[in-house]
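Number of protein chains: 2
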Amino acid sequence: MTDSITPLDDIAFSFQDRLAQVLAEGRQRSRGGSPQYGQLWESLTRMATGGKLIRPRLLMDAHRSLGGGDQAAAVDAACAMQLLHIALVIHDDVIDNDTVRRGEANISGEFASDAMRRSAGRREAQAWGNATALLGGDLMLTLAHSLLARLDVDDAKRRAILDIFDDTVFQSAAGEHSDVWLSLHLEEARSQEVLEMAGQKTAVYSFQAPLLIAAVLAGANTALAEELAAIAVQIGVVYQLRDDVLGLFGDEQVTGKSNFSDLREGKETLLIAFARSDPSWADVQHLFGDRMLSTADGHRLRKVVEESGALVFVESIISERCEGLYRFIRESTLPPALRHQLIELTSECNRRTA
Amino acid sequence: MTDSITPLDDIAFSFQDRLAQVLAEGRQRSRGGSPQYGQLWESLTRMATGGKLIRPRLLMDAHRSLGGGDQAAAVDAACAMQLLHIALVIHDDVIDNDTVRRGEANISGEFASDAMRRSAGRREAQAWGNATALLGGDLMLTLAHSLLARLDVDDAKRRAILDIFDDTVFQSAAGEHSDVWLSLHLEEARSQEVLEMAGQKTAVYSFQAPLLIAAVLAGANTALAEELAAIAVQIGVVYQLRDDVLGLFGDEQVTGKSNFSDLREGKETLLIAFARSDPSWADVQHLFGDRMLSTADGHRLRKVVEESGALVFVESIISERCEGLYRFIRESTLPPALRHQLIELTSECNRRTA
Numbered sequence: 012m013t014d015s016i017t018p019l020d021d022i023a024f025s026f027q028d029r030l031a032q033v034l035a036e037g038r039q040r041s042r043g044g045s046p047q048y049g050q051l052w053e054s055l056t057r058m059a060t061g062g063k064l065i066r067p068r069l070l071m072d073a074h075r076s077l078g079g080g081d082q083a084a085a086v087d088a089a090c091a092m093q094l095l096h097i098a099l100v101i102h103d104d105v106i107d108n109d110t111v112r113r114g115e116a117n118i119s120g121e122f123a124s125d126a127m128r129r130s131a132g133r134r135e136a137q138a139w140g141n142a143t144a145l146l147g148g149d150l151m152l153t154l155a156h157s158l159l160a161r162l163d164v165d166d167a168k169r170r171a172i173l174d175i176f177d178d179t180v181f182q183s184a185a186g187e188h189s190d191v192w193l194s195l196h197l198e199e200a201r202s203q204e205v206l207e208m209a210g211q212k213t214a215v216y217s218f219q220a221p222l223l224i225a226a227v228l229a230g231a232n233t234a235l236a237e238e239l240a241a242i243a244v245q246i247g248v249v250y251q252l253r254d255d256v257l258g259l260f261g262d263e264q265v266t267g268k269s270n271f272s273d274l275r276e277g278k279e280t281l282l283i284a285f286a287r288s289d290p291s292w293a294d295v296q297h298l299f300g301d302r303m304l305s306t307a308d309g310h311r312l313r314k315v316v317e318e319s320g321a322l323v324f325v326e327s328i329i330s331e332r333c334e335g336l337y338r339f340i341r342e343s344t345l346p347p348a349l350r351h352q353l354i355e356l357t358s359e360c361n362r363r364t365a
Numbered sequence: 012m013t014d015s016i017t018p019l020d021d022i023a024f025s026f027q028d029r030l031a032q033v034l035a036e037g038r039q040r041s042r043g044g045s046p047q048y049g050q051l052w053e054s055l056t057r058m059a060t061g062g063k064l065i066r067p068r069l070l071m072d073a074h075r076s077l078g079g080g081d082q083a084a085a086v087d088a089a090c091a092m093q094l095l096h097i098a099l100v101i102h103d104d105v106i107d108n109d110t111v112r113r114g115e116a117n118i119s120g121e122f123a124s125d126a127m128r129r130s131a132g133r134r135e136a137q138a139w140g141n142a143t144a145l146l147g148g149d150l151m152l153t154l155a156h157s158l159l160a161r162l163d164v165d166d167a168k169r170r171a172i173l174d175i176f177d178d179t180v181f182q183s184a185a186g187e188h189s190d191v192w193l194s195l196h197l198e199e200a201r202s203q204e205v206l207e208m209a210g211q212k213t214a215v216y217s218f219q220a221p222l223l224i225a226a227v228l229a230g231a232n233t234a235l236a237e238e239l240a241a242i243a244v245q246i247g248v249v250y251q252l253r254d255d256v257l258g259l260f261g262d263e264q265v266t267g268k269s270n271f272s273d274l275r276e277g278k279e280t281l282l283i284a285f286a287r288s289d290p291s292w293a294d295v296q297h298l299f300g301d302r303m304l305s306t307a308d309g310h311r312l313r314k315v316v317e318e319s320g321a322l323v324f325v326e327s328i329i330s331e332r333c334e335g336l337y338r339f340i341r342e343s344t345l346p347p348a349l350r351h352q353l354i355e356l357t358s359e360c361n362r363r364t365a
């Protein structure tokens with residue numbers, strides 16, 4: 012029985028190198044199996060090593076700013092954050108039945124197309140794509156757990172990090188579950204609920220977990236960890252509100268998704284919660300959540316949202332939240348370098364176009 | 012931040028008590044969230060604590076027979092085996108689009124029915140059921156990892172156990188992936204491939220992992236671990252071949268599933284691989300994998316399988332494998348009590364009716 016994961020000896024490794032290494036080990040082990048399983052590991056590698064790597068970067072930067080010296084452990088924890096992100100994104104796509112992400116075929120889409128090229132029926136091919144993605148998510152989740160379980164730090168720190176990670180999976184699943192539930196529209200969603208759901212689904216794993224794990228690794232005190240947790244939740248809200256605005260009013264070429272897909276899904280956002288209170292909503296309500304929504308009706312629905320004042324309202328909330336955050340971060344006890352990073356991060360979450 | 016999982020202090024705890032405890036902690040934490048998330052944890056608890064608990068029992072028994080003295084660690088590892096089983100079963104049902112297991116609604120079925128009672132459309136309700144099950148599987152997989160990452164044993168043992176567990180998830184996913192691929196029928200399945208897939212999908216996690224983890228905990232030597240691994244794979248083959256026979260010729264009242272569901276799925280088994288070589292297969296081939304297969308055609312297809320001699324052939328293979336296993340176990344260097352247990356287990360896997 013060989014080690015599943017080679018321990019990290021060279022502390023000069025960047026997290027990108029380490030990520031590439033643990034994924035290469037997975038690909039290597041998959042070579043004994045079917046060509047399809049090997050292909051899955053290739054796709055997982057492409058997904059996990061691409062993108063902006065926001066979460067692992069945040070963990071690495073925060074760890075350094077907090078004066079942490081355990082570079083090897085920070086690298087492995089940063090990789091675990093990225094792998095968890097990929098696992099959640101993949102499973103989110105399965106849940107939403109999406110075959111495209113950021114303008115390219117995702118795992119479901121890629122494997123379904125391959126099967127159809129080999130003359131499988133559409134329905135069977137889609138099932139195959141979804142099955143492959145579901146298993147791919149399980150593999151990425153397992154790899155994230157594996158890295159953290161093997162962290163070479165003292166017992167108390169490892170347990171504290173495992174607690175944060177488990178809690179993160181628990182919250183992310185709860186947030187995703189609420190998201191799907193709200194999109195069924197069996198009960199009316201209140202704005203507060205929509206914001207909480209978004210925080211649970213995205214902010215906890217994207218911002219809170221990387222910051223809290225960095226704090227544990229750097230040996231930061233409890234007060235500081237609590238400040239970081241509060242900031243993380245607020246950054247998450249800004250991130251999510253911007254996401255909702257981009258989903259409806261973004262540049263499709265940049266976001267890589269249709270401006271009508273959230274409307275077709277019936278996604279409950281603060282924009283929609285606001286628009287619902289406008290009298291003109293009654294005329295278009297039946298279009299919201301219609302999976303067959305035409306482009307003309309999409310424009311009509313979006314116009315009602317915009318003219319209800321929802322866009323102006325949500326933009327004002329975003330500005331308010333950002334201002335509050337900048338103040339909170341400036342007045343915090345965090346080290347100056349970290350305050351600077353978090354202000355930058357907030358600003359990026361606000362200004363992003365994709 | 013409180014501990015996600017209370018450490019196990021009382022070593023007199025049975026694994027059933029411990030399983031109930033870690034699941035109760037999950038339910039407790041879910042109370043702050045949506046009623047639906049709480050309901051998911053209730054369903055997960057019912058699933059995880061029910062059934063025959065074959066895997067945790069095997070681990071506990073093997074650990075004792077091998078003279079292992081670390082009862083607390085064995086209990087936690089046994090729970091992890093059961094939780095992994097539940098995670099895999101849940102995700103397998105999502106992949107197969109099943110809503111019933113052993114005659115009762117599974118998580119997808121339960122949540123879909125609830126949503127339909129609350130007047131959701133069938134399609135939306137099914138998507139909700141599948142999303143809930145997918146997340147439930149993620150939660151069970153995470154809980155299994157959590158228990159093992161916190162095992163209070165020396166570092167070398169914990170790492171050895173983590174390696175076994177990670178390898179188990181890797182193999183199970185590979186087996187499941189092959190299973191779905193073979194059921195697409197884009198290439199002809201060879202008997203050897205079908206048997207290997209079944210071993211990977213079921214035997215590794217059901218028999219090999221519990222036995223190998225028990226061996227590590229009990230400090231068994233490598234030669235003994237290798238004997239156990241070889242025996243586990245063989246037991247797995249017997250288990251799977253019996254499964255295939257029951258799937259087609261079992262008592263539906265006892266198995267809790269239709270004798271035609273494997274045929275409708277187009278499940279590649281040794282029975283089918285044998286029947287394919289019979290001239291009469293050509294007449295019924297078009298029925299195999301037909302999701303709309305009628306009862307009359309189901310009987311017709313099953314008759315061809317039986318009359319091809321496939322049933323007699325597979326039964327003879329099962330007998331042969333059992334005899335070989337009994338001999339191998341008797342001649343092994345395992346302690347007598349463990350030899351006895353493994354002979355019993357083999358016999359149960361062969362004689363079972365569900």
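Protein sequences appear in the order of chains A and B. With the numbering used here applied, the first sequence corresponds to residues 12 to 365, in that order. With the numbering used here applied, the second sequence corresponds to residues 12 to 365, in that order. No residue lacks a Cβ here, since even glycine has one placed at the ideal position from N, Cα and C. Every value quoted in this text rests on a predicted model; they were computed, and no experiment measured them.
- Skipping 5 residues on each side, what residues in its chain have a beta carbon closer than 8 Å to that of residue 319 of chain B? For residue 319 of chain B, same chain residues with a beta-carbon under 8 Å away, outside a window of 5 residues either side, are 285, 286, 288, 289, 291 and 292 in chain order.
- Query: Skipping 5 residues on each side, what residues in its chain have a beta carbon closer than 8 Å to that of residue 263 of chain A?
  - Reply: Taken in chain order, the residues that qualify are 269 and 270.
- Message: Between residue 43 of chain A and the ligand COA, is there a pair consisting of the residue's CB and a ligand heavy atom that are separated by less than 7 Å?
- Response: Questions concerning the ligand COA fall outside what the structure shown contains, since it holds no ligand whatsoever.
- Query: Three-state secondary structure (DSSP) at residue 21 of chain B?
  - Reply: Because residue 21 of chain B sits at a pLDDT of 46, beneath the cut-off of 50, its placement in the model cannot be relied upon, and the point is left open.
- Helix, strand or coil for residue 234 of chain B, going by three-state DSSP, please let me know. Three-state DSSP puts residue 234 of chain B in a helix.
- Closer than 8 Å, Cβ to any Cβ of chain B: which residues of the stretch 172-197 of chain A, in chain order? 173, 174, 175, 177, 178, 180, 181, 184, 185, 187, 188, 189, 191, 192, 195 and 197
- Message: Using a 10 Å radius around the Cβ and a threshold of 16 neighbouring Cβ atoms, would you call residue 114 of chain B buried or exposed?
- Response: exposed
- Own chain, CB closer than 6 Å to residue 222 of chain A, minus 5 neighbours either side, in chain order: 73, 239 and 243
- Message: I'd like to know whether the C-beta atoms of residue 211 of chain A and residue 245 of chain A end up nearer to each other than 8 Å.
- Response: no
- Item | Spatial distance of residue 27 of chain B from residue 66 of chain B (CA atoms) | Separation of residue 27 of chain B and residue 66 of chain B (C-alpha to C-alpha, rounded to the nearest whole angstrom) is 12 Å.
- Message: Quick check on the DSSP output: the alpha helix (DSSP H) that includes residue 166 of chain A runs from which residue to which?
- Response: Note, residue 166 of chain A: alpha helix (DSSP H), 166-193.
- Query: Do you know whose CA, among A/117, A/230 and A/138, lies nearest residue 171 of chain A's CA?
  - Reply: A/230
- Using a C-beta cutoff of 8 Å, does residue 44 of chain A count as contacting chain B? The C-beta of residue 44 of chain A comes closer than 8 Å to at least one C-beta of chain B.
- Query: Among residues of its own chain, excluding the 5 on either side of residue 13 of chain A, which ones have a beta-carbon nearer than 7 Å to its beta-carbon?
  - Reply: Its pLDDT being 43, under 50, residue 13 of chain A is placed unreliably by the model, and the measurement read from it follows with that caveat. Cβ within range, chain order: n/a, list empty.
- Message: So residue 157 of chain B contacts chain A; which residues on that side make the cut at Cβ distance below 7 Å?
- Response: Simply 173 and 177.
- Message: Against chain A, which members of the stretch 100-130 of chain B pass a CB distance test of less than 9 Å?
- Response: 102, 105, 106, 107, 108, 126, 129 and 130
- Query: Counting only runs that start and end within the stretch 59-130 of chain B, where is the alpha helix (DSSP H) found for 4 or more residues in a row?
  - Reply: 65-76, 82-107 and 118-128
- Query: For residue 247 of chain B, does the three-state DSSP call read helix, strand or coil?
  - Reply: helix
- Item | residue 229 of chain A (DSSP reduced to helix, strand or coil) | It is coil, neither helix nor strand.
- Query: How many angstroms separate the CA atom of residue 321 of chain A from the CA atom of residue 132 of chain B?
  - Reply: 29 Å
- Please determine, among B/175, B/117, B/106 and B/348, the residue with the shortest C-alpha to C-alpha distance to residue 145 of chain A. Comparing C-alpha distances from residue 145 of chain A to each of B/175, B/117, B/106 and B/348 shows the shortest one belongs to B/106.
- Item | Candidates B/104, B/156 and B/267: closest to residue 174 of chain B by CA position | B/156
- Item | Proximal residues of chain A, C-beta to C-beta of residue 51 of chain B below 8 Å | What residue 51 of chain B touches in chain A: 188.
- Task: Quick one: which residues of the stretch 296-314 of chain A get their C-beta closer than 9 Å to a C-beta of chain B? List them in chain order.
- Result: Against chain B - using a Cβ distance shorter than 9 Å - the residues of the stretch 296-314 of chain A are 300 and 302.
- Message: DSSP three-state label for residue 221 of chain A, please.
- Response: Looking at residue 221 of chain A - three-state DSSP - the assignment turns out to be helix.
- Query: CB residue 34 of chain B to CB residue 51 of chain B, shorter than 8 Å?
  - Reply: no
- Message: Can you list, in chain order, the residues of its chain with a C-beta nearer than 7 Å to that of residue 279 of chain A? Leave out the 5 residues immediately preceding and following it.
- Response: 193, 194, 200 and 205
- Query: Run through DSSP, which three-state label would residue 319 of chain A get?
  - Reply: coil
- CB contact below 8 Å: residue 137 of chain B versus chain A: no
- Chain-ordered residues of the stretch 218-237 of chain A with a beta carbon less than 7 Å from chain B: none
- Query: Of all Cβ atoms in chain B, is any one closer than 8 Å to the Cβ of residue 35 of chain A?
  - Reply: no
- Residue-chain proximity (residue 152 of chain B, chain A), Cβ-Cβ < 8 Å: Interface flag for residue 152 of chain B against chain A is set, since a Cβ pair is found closer than 8 Å.
- Identify the contact partners of residue 146 of chain A in chain B, using a Cβ-Cβ distance below 7 Å as the criterion. Those are 184, 187 and 188, listed as they occur along chain B.
- Should residue 303 of chain A go down as buried or exposed, given a rule of 16 or more other Cβ atoms within 10 Å for buried? exposed
- Message: Please classify residue 61 of chain B as buried or exposed, where buried requires at least 16 neighbouring CB atoms within 10 angstroms.
- Response: Residue burial is scored here from C-beta neighbours: residue 61 of chain B has fewer than 16 other C-beta atoms within 10 angstroms and is therefore classed as exposed.
- Query: Under a Cβ-count criterion, where at least 16 other Cβ atoms within 10 Å of its own Cβ denotes burial, should residue 310 of chain B be classed as buried or exposed?
  - Reply: exposed
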